[in-house]
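Chains as they are written, first to last, in my numbering: chain A, 1 to 140; chain B, 1001 to 1160.
Here it is in C-alpha cells:
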C-alpha cells in the first residue's frame, strides 16, 4: 500500500482544488480524504441557483459538485487537471435549498484503466440525501 | 401540433435571459432556435468553467448543467399546462475532451411525454464542429400539471 495516500495532506489537496477555475466557481472545500474516499462541503452562492423563485440549487451544479468530489476521491493529488470523467448518472432525490451542500464520494472499484465512484450529497442530514450519483473515470 | 409563435418565442427568450440571478444568467445562454420539436441554445466560452490554468478545457459538469437547463426549456416549450417540473435523473456521456475556446452549442428535445413524466435527449458540440460531439445526455423529469401552465403563468402580465 502506498503510505503517502494514507496521510494525505488536506492543505495540499485544497491548494490543488483552488487552482482549478471551475472548482473556484463551485466554491467548495475538501474536508477529508483518504485512498478511497473524499468528503467535501460547498458554500451556497447565488450563481448556483437553478430556480430563482424558490432559491434552489441548479441540478447541474449538484451534479458538477458531485463530479468534482468523485474526481478528488479517485485522484486527490492531481497535478494539472482532475481525474478524467467518462460518464455519469445522477438520481435527484430532494430539492437543495439555500445553505451548504455536502458530498461524500466512495471509490467502489479502481482498476488499471477505469474507476467507478459512488457519490452521495445531502444538506441537513445524511439520511436525507439530495442526490446520488455514479461516475466513471478513465485512469490512463 | 401548434408551432411556437414569434411573439411566444420572444417572450421565452426574454424570460430566459432576464432571470436576474442564478446559473442560467451566468452561463449567458442565447436561444438560437425554439420549437415544440426541440431547442438549440448557444453558451459563450467562459474561463470560469474550465479546469486547467490555461483555461481551454471545459469541466464536464458545466456540460451536464447545460443539458439539464436546456431540457427544462425544451419541456417548457413542448408540453402544455406544466406548473412545475423536477429533474428525476440525468445520464451524460463525455464523448471527447472539451478543449476549445469556441462557443458551445446544445440541441435538446422532449422525445416522449406522459401525464407525469417527460423524457429528454440532447447533444453538445463546439460551434462549427457538429460532427465532433463532446457530450450527449438523456434525462427524465417529473411534471406537475396545473390549471395555469408554467408558460401562461410566467408570461401573464408580460404584455403590460
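The C-beta atom is built at its ideal place from N, Cα and C for all residues, glycine as well. None of these values were measured; they are calculated from a predicted model.
Taking 7 Å as the threshold (beta carbon to beta carbon), is residue 1128 of chain B in contact with chain A?
no
May I ask you to list the residues that DSSP assigns as paired with residue 1126 of chain B?
B:1104
DSSP beta-bridge partners for residue 1113 of chain B?
B:1118
Neighbour flag for residue 67 of chain A against chain B, beta carbons, 7 Å:
yes
Beta-carbon spacing of residue 96 of chain A, residue 38 of chain A below 7 Å:
no
Does the CB of residue 1157 of chain B have a neighbour CB from chain A at under 7 Å?
Because residue 1157 of chain B carries a pLDDT of 45, less than 50, the predicted location of this residue cannot be relied on, and the following value inherits that uncertainty. Output row for residue 1157 of chain B: interface = no.
Looking at chain A, is there any beta carbon in it that lies within less than 7 Å of the beta carbon of residue 1064 of chain B?
yes
Hey, is residue 63 of chain A's beta-carbon within less than 7 Å of any beta-carbon in chain B?
yes
Got a sec: is the Cβ-Cβ distance from residue 16 of chain A to anything in chain B below 7 Å?
no
Reduced DSSP category for residue 1157 of chain B - H, G, I as helix; E, B as strand; rest coil:
Here the model assigns residue 1157 of chain B a pLDDT of 45, short of 50, so the residue's position is not dependable, and the following value carries that caveat. Three-state result, residue 1157 of chain B: coil.
Is residue 1085 of chain B closer than 7 Å to residue 1023 of chain B when the C-beta atoms are compared?
no
Looking at C-beta atoms only, is the number of pairs between the segment 1025-1036 of chain B and the segment 1116-1129 of chain B that lie closer than 8 Å three or more?
no
In chain order, what residues of the same chain have a beta carbon less than 6 Å from the beta carbon of residue 1053 of chain B, not counting five sequence neighbours either side?
none
Would you mind sorting residue 2 of chain A into buried or exposed? The rule is 16 or more other CB atoms within 10 Å of its CB.
Residue placement at residue 2 of chain A is flagged as unreliable, the pLDDT there being 49, under the threshold of 50; a coordinate-derived value is accordingly withheld.
Please list, in chain order, the residues of the segment 76-105 of chain A that have any C-beta partner in chain B closer than 9 Å.
80, 81, 82, 84, 85, 86, 87, 88, 89, 90, 91, 92 and 95
Look at the alpha carbon of residue 1040 of chain B and the alpha carbon of residue 1065 of chain B, and state the distance between them as a whole number of angstroms.
15 Å
Could you say which of B:1092, B:1048 and B:1146 lies nearest to residue 63 of chain A if we only look at CA atoms?
B:1092
Which residue or residues does DSSP assign as beta-bridge partners of residue 1057 of chain B?
B:1099
Along chain B, in chain order, which residues have C-beta atoms closer than 8 Å to that of residue 46 of chain A?
1021 and 1022
Mind checking whether residue 22 of chain A and residue 1071 of chain B have CB atoms under 7 Å apart?
no
Going by alpha carbons, who is nearest to residue 1081 of chain B out of B:1115, B:1059, B:1027 and B:1055?
B:1115
For the segment 1088-1107 of chain B against the segment 84-96 of chain A, do three or more pairs of beta-carbon atoms, one drawn from each stretch, fall closer than 8 Å, so that the two count as touching?
yes
So is residue 1054 of chain B in contact with chain A if we call contact Cβ pairs under 7 Å?
no
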